[in-house]
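The sequence shown begins at 6 in the numbering used here and counts up by one.
Remarks on the structure that follows.
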Amino acid sequence: MYKLKVQKGKTYLLRIINAALNNQLFFRIANHNMTVVAVDAGYTVPYVTDVVVTGPGQTVDVLLVADKEAGSYFMAANPYASAAAAAPGAPVPPFDNTTTRGIVVYEGAPSSTIPKMPPLPGFNDTPTAHKFFTSLTGLAGLASAFVVENGLTPESTLPPPPVDLPQC
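Printed below as a string of structure tokens:
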């Protein structure tokens, strides 16, 4: 099982990738909020949430602040099947309703700590998925440009390409 080791007080950028073939996925980390900052390489207005929903092949970049007590916390994902049993009383078509897990482990956590499991939405929890998707707002324009700390200054220029670079 994957373990993400973190230090209290630090912020981590997680790129959540849905590698599933057919299902959207809910993703949660026990007792933690995440700040969504990008979806599919497009910056978003920062959005704080405790659940992320991803479609097949989609990526969601979130900031995770390690601000909890030293311990172990499950990060878990389970499928969201919006069309399953759409009609009341209709049988649910077969699909893999498995929960997958990893663990966020804080530095200094006792090895005997039993990880806390996050409550996960039901496989057909459309209101939760709808809230997530409708809360995302694209970040566009010059206001989204920024200089990376300790990076080049805005006045810097890039060197020209090497003279022996093959033409396109």
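By construction, the Cβ of each residue, glycine as well, lies at the ideal position given by its N, Cα and C atoms.
Can you tell me whether residue i is helix, strand or coil according to DSSP?
i	result
P61	coil
K8	strand
T133	helix
S87	coil
T142	coil
State the start and end residues of the unbroken beta strand (DSSP E) segment that holds residue i.
i	result
V41	39 to 44
V109	105 to 111
G76	Premise fails: G76 is in no beta strand (DSSP E) and is neither H nor E.
L26	Taken as a continuous stretch (DSSP letters only), L26 belongs to no beta strand (DSSP E), as it is neither H nor E.
G47	47 to 54
Any idea if residue i is buried or exposed, counting beta-carbon neighbours within 10 angstroms, 16 or more meaning buried?
i	result
R4	The question about residue 4 has no answer, for the chain in this structure spans 6 to 173.
G79	Here the sequence assigns Phe to residue 79, which means Gly is not the residue at that position. Buried: at least 16 other Cβ atoms inside 10 Å.
V41	buried
F138	exposed
M6	exposed
Are residue i and residue j closer than 8 Å when you measure CB to CB?
i	j	result
P84	N102	yes
F100	A86	yes
L18	D66	yes
Counting beta carbon pairs with one atom in the segment 51 to 60 and one in the segment 19 to 35, are three or more of them shorter than 8 Å? A contact exists between the segment 19 to 35 and the segment 51 to 60.
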